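Colleague:
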């Protein structure tokens, strides 16, 4: 099992182009939990200048997918099977959103994650529950 430093390096090196566009940066990583941050930019907002719900969902989806990735071996991959979001508060432009993704279930075929998105002051912005499907390697 890789240590947290190695997991964090792997997470930040494997981030997808869309996640780079969002400015996601992983802060910690382990098979049962990952954390990351994202700064709310004006081009990610609705009117008035608050983070678009789709950007919140994409942030959480990235965390769940990468958390799943830390649990895969042998060339397996993952894709999101289902996702549910409860929006609770706004994130204004310029603010820092912190995501904490923890395992609910880590099985052979599916993994279920809960991601809490919070403001720097601790205000809970959204809760996302998602199911990731494990894709067997192609032969």
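In my numbering, the protein residues as written are 56 to 194. All C-beta atoms, glycine included, are put in the ideal place defined by N, C-alpha and C. Here the structure is a predicted model, which is why all the values come from computation and not from measurement.
Can you tell me which of the three DSSP states residue 67 falls into?
Modeller: By one-based count along the chain shown, residue 67 stands at place 12. If DSSP states are grouped into helix, strand and coil, residue 67 belongs with the helices.
Colleague: I'd like the list of long-range same chain contacts for residue 167, defined as Cβ closer than 6 Å, with 5 residues on each side in sequence excluded.
Modeller: By 1-based counting over the chain shown, the position of residue 167 is 112. Within the same chain, residue 167 has close Cβ partners 159, 160 and 186.
Colleague: Helix, strand or coil: how does DSSP classify residue 205 here?
Modeller: Residue 205 is absent from the model: the chain starts at 56 and stops at 194.
Colleague: So, helix, strand or coil for residue 117, using DSSP?
Modeller: Taking the chain shown and counting its residues from 1, one reaches residue 117 at position 62. Three-state DSSP puts residue 117 in a helix.
Colleague: Would you call the segment 97-106 in contact with the segment 132-139, where contact means no fewer than 3 C-beta pairs closer than 8 Å?
Modeller: Counting Cβ pairs under 8 Å, fewer than three are found: no touch.
Colleague: Taking DSSP's pairing of strands, which residues face residue 137 in a bridge?
Modeller: In the chain shown, residue 137 corresponds to position 82, counting from 1. Beta-bridge pairing links residue 137 to 186.
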